[in-house]
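Let me begin by presenting the structure, written as structure tokens, before commenting on it.
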């Protein structure tokens, strides 16, 4: 639209051009209606509505929904820092007056803005947000919806972000993930196993004894935006989380001295029933996520299982049907089976 207006002005006669330049009585609202408001203005307006306690909850939640769609664009997500919106957004999560619906929507905005965006991750991490997000994962004080979106936001902050994972480790965040493996909401369990596997997956150059036929996930699979990924490009080690995750898996953290890896194996072999009344016992996707994680641990990272762990896992990998390889390829499954034999 702007290009068309510019062309019209450039190809008009001098008299017409003067007439155009002399117009001062056009209502800016009309221009906004025709051309649309800039995204930055829409983002600020949406946050202003969400922060206004005098506005009804439905409108505040709808405003955050609009903001979430806007920050799907990585340039808009980066503008959160320029517009000084990170701090008030984070404040909405921990604000006692925030309703559950508003808190859920805010966590959704945060998670979307952080996805595959190192610049946004660093900006948000400067606010020390991890304790607040971890608190949102507690089942005693948060709904399943809140916990699910908190895991989404936590994933966005931790993935390919060594600094955030170090801070997370210092705050004993792995214990929170361990508890989430037994959450009554099976969706949260799936997301937890998926996140641990993502943090454990080595980046290029960290792979240990990997078969040539096995596809290695890498941060380079995601689109790289120079402005957003400057820290990644200048310091590739800043995206490496595998070693920290490996240590967390093997470290004894339970009251009985068991490790996070022990907890994952237990969740695979003898899962705690889930559902509002504990009416369900098994979930295929949850099992597949854990088996994929065990493949990453043993094959890509060269991790070893103890004799006790092998004994437990053999009950899962014994006499498996070729049609049910836990969503692994034949070679991948065989590699894990060898590791537990």
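In the numbering used here, the protein residues as written are 3 to 343.
Positions of the beta carbon are idealized from the N, C-alpha and C atoms, including for glycine.
Given the structure is predicted, the values throughout are model-derived calculations rather than measurements.
Requested in this report: For residue 261, write down the residues that DSSP places opposite it in a beta bridge.
Outcome: DSSP, once it has assigned bridges, lists 254 as partnering residue 261.
**Report entry** Exposed unless 16 or more other CB atoms sit within 10 angstroms - verdict on residue 243
**Finding:** buried
Report task. Pair every Cβ in the stretch 86-96 with every Cβ in the stretch 46-62, then say whether three or more of these pairs are closer than 8 Å. Result -> yes
Query raised in the report: Given that a residue counts as buried once 16 or more other Cβ atoms are within 10 Å of its Cβ, and exposed if not, what is residue 324?
Result: exposed
Query raised in the report: Which residues in the same chain have their Cβ closer than 8 Å to the Cβ of residue 213, if we skip the five residues on either side of it in sequence?
Result: Because the pLDDT at residue 213 is just 38, under 50, the model does not fix this residue reliably, and the value given afterwards should be weighed accordingly. The answer, listed in chain order, is 301, 333, 337.
Query - Proximity winner among 148, 95, 265, relative to residue 315 (alpha-carbon distances) - result: 265
Query raised in the report: Which whole-angstrom value describes the C-beta separation of residue 114 and residue 70, a residue pair presumed to lie in contact below a C-beta threshold of 8 Å?
Result: 5 Å
Query raised in the report: Are the CB atoms of residue 177 and residue 100 nearer to each other than 9 Å?
Result: no
Report task. Could you work out which residue in 306, 267, 147, 59 is closest to residue 317 when comparing CA atoms only? Result -> Nearest of 306, 267, 147, 59 to residue 317, Cα basis: 267.
Requested in this report: Indicate the three-state DSSP secondary structure (helix, strand or coil) for residue 326 in the structure shown.
Outcome: coil
**Report entry** Rounded Cβ spacing between residue 260 and residue 251 (contact assumed at less than 8 Å)
**Finding:** Actually they do not touch by this definition, with Cβ atoms about 11 Å apart.
Query raised in the report: So residue 182 and residue 194 are in contact, right, with Cβ under 8 Å, and what is the actual spacing, rounded?
Result: About 4 Å separates the CB atoms of residue 182 and residue 194; that is less than 8 Å, so the two are in contact.
Query raised in the report: How would you write the range of the alpha helix (DSSP H) that residue 85 sits in, first residue to last?
Result: Premise fails: residue 85 is in no alpha helix (DSSP H) and is neither H nor E.
**Report entry** Cβ-Cβ separation, residue 291 to residue 192 (assumed contact under 8 Å), whole Å
**Finding:** 6 Å
Query raised in the report: Which residues in the same chain as residue 274 place their Cβ atom closer than 7 Å to its Cβ, once the five residues preceding and following it in sequence are excluded?
Result: 184
Query raised in the report: Does the Cβ of residue 158 have 16 or more other Cβ atoms within 10 Å, making it buried, or fewer, making it exposed?
Result: Flag for residue 158 reads buried.
**Report entry** Straight-line Cα distance separating residue 93 from residue 428
**Finding:** Because the chain spans 3 through 343 in this model, residue 428 falls outside it and cannot be assessed.
Report task. With DSSP collapsed to three states, give me the class of residue 282. Result -> strand
Report task. Could you tell me which residues DSSP puts in a beta bridge with residue 276? Result -> Bridge pairing for residue 276: 282 [DSSP].
Query raised in the report: Can you name the start and end residues of the alpha helix (DSSP H) that residue 62 belongs to?
Result: 59-72
Requested in this report: Identify whether residue 91 lies in helix, strand or coil by the three-state DSSP scheme.
Outcome: In the three-state reduction of the DSSP assignment, residue 91 falls in the helix class, which pools H, G and I.
**Report entry** Supposed close pair residue 45, residue 104 - CB separation, criterion 8 Å
**Finding:** Contact doesn't hold; Cβ gap of about 17 Å is too wide.
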